[in-house]
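Here the sequence shown is numbered in this note's numbering, starting from 6 and rising by one per residue.
All residues carry an ideal CB built from backbone N, CA and C; glycine is no exception.
From a predicted model like this one, the values you see are computed outputs, not experimental measurements.
Only one structure is covered here, and it is reproduced in the block below.
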Amino acid sequence: MNYSMMEMTEKLNAEFDELVKCCAVSREFDPEYYRIYDVKRGLRDSDGKGVLTGLTEISDVCAYETVNGEKYPAEGKLYYQGYNVCDLLKNTESKRFLFEEITYLLLFGELPDPKQFESFLAIMSSLEELTGQFVRDTILKAPPANIMNALQKSVITLYSYDTNPDSVEIADVLRQSLQLICKMPLMAVYAYYAYQHMELGRSLLIRTPKKRYSIAENILYMLRDDGYFTDLEARVLDTALVLHAEHGGGNNSTFTNHVVTSSGTDTYSATAASISSLKGPRHGGANLKVLEMFDDIKKNVADTENDEQIRDYLNSILDGESFDGKGLIYGLGHAVYTVSDPREIILKNLAGQLAAEKGLEKEFELYDRVEKIGKDCIAQKRKLFKPVCANVDFYSGLVYSMLGIPRELFTPIFAVSRISGWSAHRLEELINNGKIIRPAYRFVGKHREFTDEFNRL
6 MNYSMMEMTE
16 KLNAEFDELV
26 KCCAVSREFD
36 PEYYRIYDVK
46 RGLRDSDGKG
56 VLTGLTEISD
66 VCAYETVNGE
76 KYPAEGKLYY
86 QGYNVCDLLK
96 NTESKRFLFE
106 EITYLLLFGE
116 LPDPKQFESF
126 LAIMSSLEEL
136 TGQFVRDTIL
146 KAPPANIMNA
156 LQKSVITLYS
166 YDTNPDSVEI
176 ADVLRQSLQL
186 ICKMPLMAVY
196 AYYAYQHMEL
206 GRSLLIRTPK
216 KRYSIAENIL
226 YMLRDDGYFT
236 DLEARVLDTA
246 LVLHAEHGGG
256 NNSTFTNHVV
266 TSSGTDTYSA
276 TAASISSLKG
286 PRHGGANLKV
296 LEMFDDIKKN
306 VADTENDEQI
316 RDYLNSILDG
326 ESFDGKGLIY
336 GLGHAVYTVS
346 DPREIILKNL
356 AGQLAAEKGL
366 EKEFELYDRV
376 EKIGKDCIAQ
386 KRKLFKPVCA
396 NVDFYSGLVY
406 SMLGIPRELF
416 TPIFAVSRIS
426 GWSAHRLEEL
436 INNGKIIRPA
446 YRFVGKHREF
456 TDEFNRL
C-alpha cells in the first residue's frame, strides 16, 4: 500500500503514541514498594533528613540544635570552611566585593592574606578572557534558547582547547577549575546575547570584561548597554554570588559532581553534569517559579494589599486549584532549614535596600506579605513536623529582576556562583581518592522465561 507523506507522518505519530503508552505502563510500579523495602527515596529518611553518603570540610548546613540528646529546630546557619557566612559578609560595607575571596576560601580552606589574594586576583584576571575564535565558533553558532544548555556546550568545548584535558592531577584540575570560574560569567552573558541576536534579531553585545572589576561588577558591565551600575547594585550581586557559592555536598548538583568525579572523568564533563542538574526547576530553576507565581498572584488577586484576599488565593494554590496545580507555594520551605534560611535573611535585607533605591517598595512589601501569610497557610494545611521558612529562592528572583538581569540568566548566574563550590568538592573528592559512588537499586520486577513467541527472525 502506498502512503502519502501526510499519511505516513500520521501513521508514524500514531505508532509512536502507542510506544509512549507502553513505556509508561511498563515502567510504573507500586509506590508502596518504597516503604516495604525501606528505600530512602531521594536519599532522604522519612523525617526528611538526608542519608549520609560522604564527608566534607568545605561547608556545613545547620538547622537544628541538640539539647539532652533531643533535636530541636533552630535558626539556620551556613558555614564555609568553618566560618559562619553571616560573619564573612559583615564587612560588605568596607570590603565591597567578596566573591573572589570566598572562592579562595572554598578552594584552599583558608582566607588569603593580602599578598596571597593579590596573586590570586592576578591569576584570575589572566584567565577570564575568551578568544574571538571560541566566541565565534562555540557561542555564536546555533545558540540554544536555554542558556544553561549553552553553558554546557561551552564547557564541553573548552575540553578541546586544553592541552591535557583528561588529567586528574591536582595541579591540572585546579588550573581547569580556575579557568571555568573566570570564564563562566562571560560564557553566560555572551550566550544570552547570542541567542537574542541570532534567533530574535536583537542587538549583539559582546563586551570584554574590565580587568579592575570584580566578577559581580563585570556581569553588570557586560549585561548593560551603557555598562553603568550603582555601587549598591554591584554589592548586592556580589553578596548573592557569595550566598549561592556553596551549600554542602548533598545538594543535587554538588552531589552530581561528586558522583561523576568519582568515576575518574575529566573536569569539563563533571562540570557539565553539574550544570545539567542545576538546570532543573527543582534545583537551580526554583527562583523562576517564584517569579511566575508572583505574576500569577498579581493577575488573580484584586487587591494585593488585602491580607485575606492573598490568604484565600495562597490556600487555593496549596489545594492545587490555582497557579500550576502542583500545590506548592514556591520559595517557602526547605529540605534542611527549619526556623530560617540564613541566605534568605541576608538577601531579603538587600532586596529591601534595592527596592528603596529603585522606588519598588510596594513590590517588596508584597513579597514580605506573601512570605508571612504563606508560611501560616502551609503550617495550617500541611501540619508539618518542622517550622516552615522562606528559602533563598524566595527573594533571589526579585533581586535579579531589580538588577535588570533577564530571567533567562537567573539559573546561569546561579551556576556562575556555584562553580566555586563544585570545583572545591571535585578537588576534595580527588584528593581523598574516594571509591566510585555506586548506590544500589532493588529489582521489583519478575524474572521470566524467554520464548520466541513472536517468531522473530
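Between the CA atoms of Y372 and K158 - distance to the nearest angstrom: 36 Å
Secondary structure of V178, DSSP reduced to three states: helix
Among E105, I383, V44, F399, the one whose alpha carbon lies nearest that of P392: I383
DSSP-derived helix/strand/coil call for V295: When DSSP states are grouped into helix, strand and coil, V295 belongs to the helix group.
Beta-bridge partners of P78, as assigned by DSSP: Y69
Exposed unless 16 or more other CB atoms sit within 10 angstroms - verdict on P36: exposed
Beta-ladder partner(s) of R49, from DSSP: Beta-bridge analysis with DSSP links R49 to G55.
K216 versus M153, V375, I128, S208, residue with shortest Cα-Cα distance: I128
Cβ-heavy atom distance, D329 to the ligand GTP, below 6 Å: Absence of the ligand GTP from the depicted structure is noted, as is the absence of any ligand whatsoever, leaving it without description.
When H452, E222, D177, H249 are compared against L94, the one with the closest alpha-carbon: Ranking the options by Cα distance to L94, first place goes to H249.
Rounded C-alpha distance that separates T235 from I224: Cα-Cα distance, rounded: 13 Å.
Spatial neighbours of T136 in its chain, beta-carbon cut-off 6 Å, leaving aside the 5 residues before and after: none
Cβ pair I280, F104 closer than 7 Å: no
R431 vs N262 beta-carbon contact at 7 Å: yes
Secondary structure of A147, DSSP reduced to three states: Of the three classes helix, strand and coil, the one that applies to A147 here is coil, per DSSP.
Distance, L435 Cα to G254 Cα: So the alpha carbons of these two residues sit roughly 14 Å apart.
Beta-carbon proximity check, L237 vs E362, cutoff 7 Å: It is a contact, given that the beta carbons lie within the stated cut-off.
The stretch 266-278 touching the stretch 155-169, judged by at least three CB pairs closer than 8 Å: yes
A395 (DSSP reduced to helix, strand or coil): Assignment of A395 by DSSP, reduced to helix, strand and coil, places it in the strand class.
Residue closest to T58, alpha-carbon to alpha-carbon, out of G409, G47, E413: Selected option, being the one with the closest Cα: G47.
Distance CB(T456)-CB(G289) smaller than 7 Å: In this structure, G289 does not lie closer than 7 Å to T456 by Cβ.
Three-state class that DSSP yields for L132 in the structure shown: helix
Own chain residues within Cβ distance below 8 Å of G332, not counting five before or after: I322, L323, D324, G325
Alpha carbon of D243 to alpha carbon of N89, nearest angstrom: 17 Å
In chain order, each beta strand (DSSP E) run of at least 3 residues that lies wholly inside the stretch 404-451: none
CA nearest to the CA of P286, picked from A277, L116, G336: Comparing Cα-Cα distances from P286 to each of A277, L116, G336, the minimum goes to G336.
C-beta contact flag for T276 and L185 at 7 Å: Cβ distance < 7 Å, so T276 and L185 count as in contact.
Inter-residue Cα distance where the pair is Y318 and H339: Distance between the alpha carbons of Y318 and H339: 22 Å.
Bridge partner(s) assigned by DSSP for L337: A395
Rounded C-alpha distance that separates I211 from L293: 25 Å
Bridge partners - N89, DSSP secondary structure assignment: When DSSP reads this structure, N89 sits in a beta bridge with Y84.
Selected residue, minimal CA-CA separation from I51, among E62, Y218, Y39, A445: According to the sequence displayed, residue 51 carries Ser and not Ile. When only C-alpha atoms are compared, the closest one is Y39.
Classification of M192 by the beta-carbon crowding that lies within 10 angstroms, buried from 16 upward: buried
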